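Trainee:
Protein chains: 2
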Amino acid sequence: MGKSNFKSEPGIERQLALQDALDILRGKWKILILRSLYLYGTMRFKDLLEASKNITPKVLSNELQQLELNLLITRTVNNTKPITVSYELTNHAIETLPVIKALIEFGLKHRKKIKDN
Amino acid sequence: MGKSNFKSEPGIERQLALQDALDILRGKWKILILRSLYLYGTMRFKDLLEASKNITPKVLSNELQQLELNLLITRTVNNTKPITVSYELTNHAIETLPVIKALIEFGLKHRKKIKDN
DNA sequence: ATAGTTACTATCCTAAAGGTAACGGATAAC
DNA sequence: GTTATCCGTTACCTTTAGGATAGTAACTAT
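Residue numbers (numbering that gives the first Met the number 0), protein chains in the order written: chain A, 0 to 116; chain B, 0 to 116.
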């Protein structure tokens, strides 16, 4: 396979960074949830349930907990009459926006490619 | 949840594109394989086995088939003494480079954030 | 004839992800 | 006191991803 013909040096740090990113964003729902929060700002649990078509409360709850653990969203309990809970992105989560944009761009091009056979 | 405060309109096309992209690139290995091919150009099966630490031949074989199906890599059999097979990225696969770059950037920032507590 | 190389495939198994359906605690409205 | 809303949890099950181990086909070298 020889030496790199594309970049100076791979760099173990970049390799680890990539693996971490994949771990954190892995799964069917996390990126979709992040995108909803980008688009709509603050959302309640119920909003996210409706926005993420076909997700179940259990799964949504899990995903939100993981996103919170990884410092991508915050969870705040509002003292409203029927209790409500608000989720929003942290500043840190802004760093995932380029990932989402790139995925959408790739997806658009891929769909076009498929359509044109 | 109100109206968007961030972008004009979500757009069902972008939603579908995102879901397609996530489907195509899903899993523990695909993006790592694509990155190896970016870095090294043409690679044989054995090269990819060594570059993707801890992957098994069965899993690698599966991943490669899926990537080929989705038009991201090509597979060519070389008529060498012990048969060898070369994999490389298609032109179309270039479109995934921004995704990988964005993931790495996010991963680097995330690692820094974690280290700084 | 035996052993090695390359690129897999086959079989079996475990673990993680994801889904279904029902329930619970808090509060309030009717 | 029954019903409703909101945000979950619990128990259970199915599906998918991933891994371990061994084997195979084609060829080469010794």
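Cβ atoms here follow ideal geometry from the backbone N, Cα and C, with glycine treated the same way.
Quick caveat: nothing in here was measured; it's all calculated off a predicted structure.
1) Tell me, please, whether the CB atom of K114 of chain A is closer than 9 angstroms to any CB atom in chain B?
2) Please classify S7 of chain A: does DSSP put it in a helix, a strand, or coil?
3) Taking 8 angstroms as the threshold, find out whether the stretch 31-43 of chain A comes into contact with the stretch 84-95 of chain A through three or more Cβ pairs.
4) Can you round the beta-carbon distance between V58 of chain B and F105 of chain A to whole angstroms, since I take them to be within the 8 angstroms contact cut?
5) Can you pull out the residues from the stretch 78-107 of chain B whose beta carbon lies closer than 9 angstroms to at least one beta carbon of chain A?
6) Looking only at its chain, what residues have a beta carbon closer than 8 angstroms to the beta carbon of M42 of chain B, apart from the 5 residues adjacent to it on each side?
7) Using only the heavy atoms of the ligand MG, determine whether one of them is closer than 8 angstroms to the beta carbon of L59 of chain A.
8) By the three-class DSSP mapping on this structure, what secondary structure does K2 of chain B have?
9) Check whether the stretch 9-27 of chain A and the stretch 100-115 of chain B are in contact - that is, three or more C-beta pairs closer than 8 angstroms.
10) What runs of the alpha helix (DSSP H), each 4 residues or longer, lie entirely inside the stretch 36-89 of chain A?
11) I want to see whether chain A comes within less than 9 angstroms of E12 of chain B, judged by CB atoms only; does it?
12) First and last residue of the alpha helix (DSSP H) that includes I99 of chain A?
Mentor: Inspection of the coordinates gives the following:
1) When Cβ-Cβ separations below 9 angstroms define contact, K114 of chain A makes no contact with chain B.
2) Confidence at S7 of chain A is low in this model, with a pLDDT of 45, below 50, so the placement of that residue is unreliable and no value is reported for it.
3) Because the criterion of three Cβ pairs below 8 angstroms is met, the stretch 31-43 of chain A and the stretch 84-95 of chain A touch.
4) Between F105 of chain A and V58 of chain B the Cβ distance is about 23 angstroms, and since that is not below 8 angstroms, they are no contact.
5) H91, E94, T95, L96, P97, V98, I99, K100, A101, L102, I103, E104, F105, G106 and L107
6) Taking M42 of chain B as the centre and dropping the five residues before and after it, the same chain places the C-beta of S35, L36, A50, S85, Y86 and E87 closer than 8 angstroms to its C-beta, in chain order.
7) By its list of ligands, the structure shown contains no ligand whatsoever, and the ligand MG lies outside what it can speak to.
8) Since pLDDT at K2 of chain B reaches only 43, below the 50 mark, its modelled position is unreliable, and no value is offered.
9) yes
10) 44-50 and 56-68
11) yes
12) L96 to K114
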